[in-house]
Each structure stands twice: as C-alpha cells, then as structure tokens.
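First to last, the sequence lines map onto chains A and B. Numbered by numbering that gives the first Met the number 0, the letters in the first sequence go through residues 0 to 354 in order. Numbered by numbering that gives the first Met the number 0, the letters in the second sequence go through residues 0 to 166 in order. All remarks here apply to the structure that follows.
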Amino acid sequence: MGVNRTSKWMSWAKLFAIYSGILAALVIFVIFQNVFIPLIIAMIFVYLLNPLADWFESFGIRRTLAVILIFAGSFVLVLGFIFFFQSQITGEFNTLKRQAPVYAAKLKQGLLDGANALEKNFSFIPKGDLRKLIEDKSSAFPDFLAKKMPDILAWTMGLITSGIVTVFAVFFFLKDGRKMRKSLIKIVPNKYFETFLVLLFEIDQSIGAYIRGQIIDGAVVGLLSIAGLYLIGLKYGLFIGALSGAFNIVPYLGPVAAMVPAVLVATAEHHDALLAFKAVGVLALVQLIDNAVVSPLALGKSVDIHPLIVILILPIGGMLMGVWGMLLAVPLYCSLTVTFEILYKGIIKYGNWEA
Amino acid sequence: MKILEALKKIMTGEKTEVMRVLESTPIFSGLNDLELKKIEIITHEREYVPGEIVFHENEPGAGLYIIRRGSIKLTKKSGAGEAEVAVLKNGEFFGELALLDESPRSATATAGEKTQILGFFRPDFLNLLSTEPKLGAKVLLKLSQILAMRLRTTTASSIKGAAENGR
C-alpha cells in the first residue's frame, strides 16, 4: 500500500515537473517572441498548405516536387490577384492618399472643437492651453515623423528580413516537417514514446483544425462583408471588408474592431449617420451568419471552449504578446488542455511512466 | 514498359528494407510500392535492449508493432507469476487491436534479445484513413480479415471446449 502511495506521489511529481517545464518554455517564448514570430507565421502557412502537399503526394508526386508546385502556384495566384485587382487597389489607395491630409485636418478640427467645448464647460481648464497643446503637437508631427524615419526604415528592413525567413521556413517545414517530427519522436525514450506520439498527434490535430477553420471562416466573413458593404455603397468597402475578415480571427473583439473604420468612413467621408448604422448592421448580420452557419461548419468542435474562458484568456494573451498573443491565446489554451489530459491519462490514470 | 518502370522509380525511389519488411506482414501484403512507401513514411523504427519492456499488460495501447530483427516475448499475469503466451520472431506482428481503439493491452511484450521493431500507430492510421481513404481502407480490410480469422478460431475452440464439457 505504502509503495503504491509513493509511486502515485512520484507520478504526480512527474506531471508537475513536466508542467513546470512547459511553463518555462512558454516564458522563454514570450521573452524571445520577436525571434519566434516569423516561425509562428510560417507554422500557420504550413498547417494551411500541408493538406495540399499531402494531396499532391497521394498521386505519387515526391514531397519536394509537391512543395515546389505549391510555391509556384501561390506565386502565380498572388501575381494574378494583384493583376486582377490592380485598378481597384490603386484606386482605393490613391483616394486614401488624397484624402489622408483632409482626414488629418478634420481630425485636428474635431479635437480643437472638443477642446473648445471642454474649455467652455469646465472653468477650471485654463483657456487656450488645450488648443495650444493640439496646435503644437499637430505641427510637430512632420518633425517627429522625420526624426523617427531611421527607426521606420529599420523596422521595414526587419519586416522584409522576417518575411524572407518566413518564406524559407515555410518551404523547409512543408518539405521536411514529417522527417523533423519523426526525428523528434526518435529521440524520445521507449518508455515515454507512445504517450508522446499520441500527444503530438492530438496537439497537431487541434491546432491544425483551428488554423484551417479560422482561415476559412475569416475568408468567408471577409467576402460576405465586402459584398454587403458594396451593396450599401460604402467607400473603401474592399479594404474594410477584408479587414473585417482578418480581424475575425480574434474572437469577440475582432468583429467589433472592424466596425470602427466602417463608422469612421461613413461619418467622415459620406457625412451620413444612416449609412454608419447600415454598415454596422451589415457587419453585424455577417457576424450572425458567421456564428450560426459558417463558424460551426469551418471550426466544428476544434474550439470547444467556454466563451467565458475565451474572454479571460484573450486579454492575458494581448498583455503578454500584443496582437500575436490574442491570436495565439485560443490555440495555445487548447494545446495546453490536450497536453494535460493526455499526460494525466498516461502518468496518473494508467501509470505508464512508472519504473 | 521500361519508361514506366523508370518513371515509377523516379516517383517512389528504390524499395527500402523497411518496405520489404512491411510487404511481408499480412496487414500490408498486397500493397504496391507507392503505397508501401506511404506506410513507411508513417512508421517508427524503435530499438529495444534485451529484457526491455515494449508495453505492459492493461496499459492503453497506441498501435501495432512489427518485428524487424530479434524476438519479443508475450507474457500474461497469472496468479502470483507471469505465464508466457508466445515468442514472436522476425516479420511477426503484435498489438494490432490497439489500431482500432484505446483498449488495454492483453499481454506484456518484452524484448528477448536486442530487437528492432517497426511501430504503426493509431493516430497515423486515423490520419491515413482521412487523407488517403483508398489506402486506409485496404489496410483496414486486411486488419478486419486478420481479426475475423482469429475470431473464427476462438469461436471454434470455445465450441469445442463447450462440447467437451457437455460430454
């Protein structure tokens, strides 16, 4: 009995040690997030493209050739997209470029009006201080921009480097991912090997289903939003619709965030409050369709977590890693739960790891 | 015909030793080279020292093992000790029921000598069924045939046993 109790304690200690290890790995991940982000983007693409590579392979085409075909195909697709939507994109971009100073002036005027109203209503605010602050800050903006130019350039260069690293990582993960996984499994001692294999499979399934589901879901939401905004005649409908699709990846907050630019454009550009309501209505309707039809189909049971937990983990992700944290919060939470379930089953319930 | 052969070689490469071992296992017999190659990709090669346990009786299983080189002793707990059920040699396989569900292993498997085995596991098998349904179905059919054959033998022996008891 005593021996049994000791081995149970040992099992719990093992589980605790593994979880501490995972926690330490997560801390390292958060600290060095800049290094890991290109790899995460690469992994998202790998999860997305892997079924396609498998499909090519099922016809007897070698993996390397299948990956080269996918890369060539993606390149042609991107070029085709640019070519096809060139006039639309440049058109919207030029309008935006033309309108940007007008928006800036409108924004400044809006702030000045606000400051006036505040000064008028609250006597304790010294007259003219707020106005002066706004005038100073807005006139200093070009100088600030010029001063920050080297940083902006460095950031752009960093972005390009990360982009190149990502493309290479996607190529090699897609081509050799299976070999890497097999090599990783090979170094696991025989005793832990079956549990590790099942664990890897379950995490892979859960993340893969989540990423593929979210991308499909986002694409459908984007297309529906573009169509809806086009129908009500909102300017920059293509951009705002696409933005709504992309923001959809962040649960709950994303869809609301996408409504902000729609309302801004409707009020500032069209001066039409009714259109702003219509735009919010369109995006809300798309969300309704998404929640009722698209999301259950695209995501299925892959994110079977309580909304309360999602609301709780999103800000934590956001606090630790910004936008990336919010994107990763749900899949990371799913992976950690799956890991706990499998390790609990393997170590505590069945005692697989006892000596 | 020669061109076809050459093309096939370019596509799938040479037949490896693992592919040959797989080919000689009943569950994968009848698969063509391309299919064997696909199975090879998802199998895991493991090595065990003499006396090392591959799996314990009553543990939930994750998959099937094929002996590549060496021997495996299968034992079952009986009373206070352990009773030897079988000793398996090169090319033989065990643990196939675990491909279907997480049911507990019916015996303990121990390496009799330095043994190399190939593992084919349920997660990969399930994946194969969804990504390559044709190949998955072929393997599943073979597995079902093997299990059906065993069931027939078991049924026959239990009928025989019942008849002898009734006598």
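C-beta atoms are modelled at their ideal positions from N, C-alpha and C, and glycine is treated no differently. Because the structure is a prediction, the values reported are computed rather than measured.
Counting along the chain, the unbroken alpha helix (DSSP H) around residue 56 (chain A) starts and ends at 32-56.
Under the 8 Å criterion on CB atoms, residue 175 (chain A) is classed as non-interfacial with respect to chain B. Residue 158 (chain B) counts as exposed, since fewer than 16 other beta carbons sit within 10 angstroms of its beta carbon.
In the pairwise beta carbon analysis, the stretch 131-143 of chain A is classified as not touching the stretch 170-188 of chain A: fewer than three pairs are separated by under 8 Å. Of the residues B:138, B:109, B:72, the one whose Cα lies closest to the Cα of residue 95 (chain B) is B:138. With fewer than three CB-CB distances shorter than 8 Å, the stretch 11-27 of chain A does not count as touching the stretch 127-140 of chain A. With a cutoff of 8 Å on beta-carbon distance, residue 252 (chain A) and residue 313 (chain A) are scored as near each other. Sixteen is the threshold: when 16 or more other Cβ atoms of the shown chains lie within 10 Å of the Cβ of residue 65 (chain B), as they do, the residue is buried.
Secondary structure at residue 99 (chain B): coil, using DSSP grouped into helix, strand and coil.
When only Cα atoms are considered, residue 125 (chain A) and residue 238 (chain A) end up about 42 Å apart. Distance from the Cα of residue 275 (chain A) is smallest, within the candidate group A:305, A:228, A:309, for A:228. With a contact defined as Cβ atoms closer than 8 Å, residue 62 (chain B) and residue 151 (chain B) miss out at about 24 Å. Using a Cβ-Cβ distance cut-off of 8 Å, the stretch 66-73 of chain B and the stretch 109-123 of chain B are in contact, since at least three pairs of beta carbons, one from each stretch, lie closer than that value. Rounded to the nearest angstrom, the gap between the Cα atoms of residue 83 (chain B) and residue 174 (chain A) is 45 Å. Flagged as an interface residue toward chain B: residue 59 (chain A), by a C-beta distance shorter than 8 Å. Counting along the chain, residue 77 (chain B) sits inside the beta strand (DSSP E) bounded by residues 71-77. Distance from the Cα of residue 118 (chain B) is smallest, within the candidate group A:248, A:12, A:189, A:208, for A:189. Spatial neighbours of residue 278 (chain A) in its own chain (CB-CB distance under 7 Å, excluding positions within 5 residues in sequence) are listed in chain order as 228, 231, 233, 261, 262, 265.
Going by DSSP, residue 108 (chain B) is part of the beta strand (DSSP E) stretching over 107-110. Against chain B, a Cβ distance below 7 Å from residue 197 (chain A) picks out 61, 122.
When DSSP states are grouped into helix, strand and coil, residue 59 (chain B) belongs to the strand group. Taking 8 Å as the threshold, the shortest C-beta distance from residue 200 (chain A) to chain B falls below it. Two segments are said to touch when three or more pairs of C-beta atoms, one from each, lie closer than 8 Å; by this definition the stretch 211-223 of chain A does not touch the stretch 84-94 of chain B. Taking all protein chains shown into account, residue 34 (chain A) has fewer than 16 neighbouring C-beta atoms within 10 Å of its C-beta and is therefore exposed. Fully enclosed alpha helix (DSSP H) runs of no fewer than 4 residues occupy 252-267 of the stretch 249-273 of chain A, in order along the chain. Here the stretch 4-14 of chain A lies against the stretch 337-347 of chain A, with 3 or more beta-carbon pairs under 8 Å apart.
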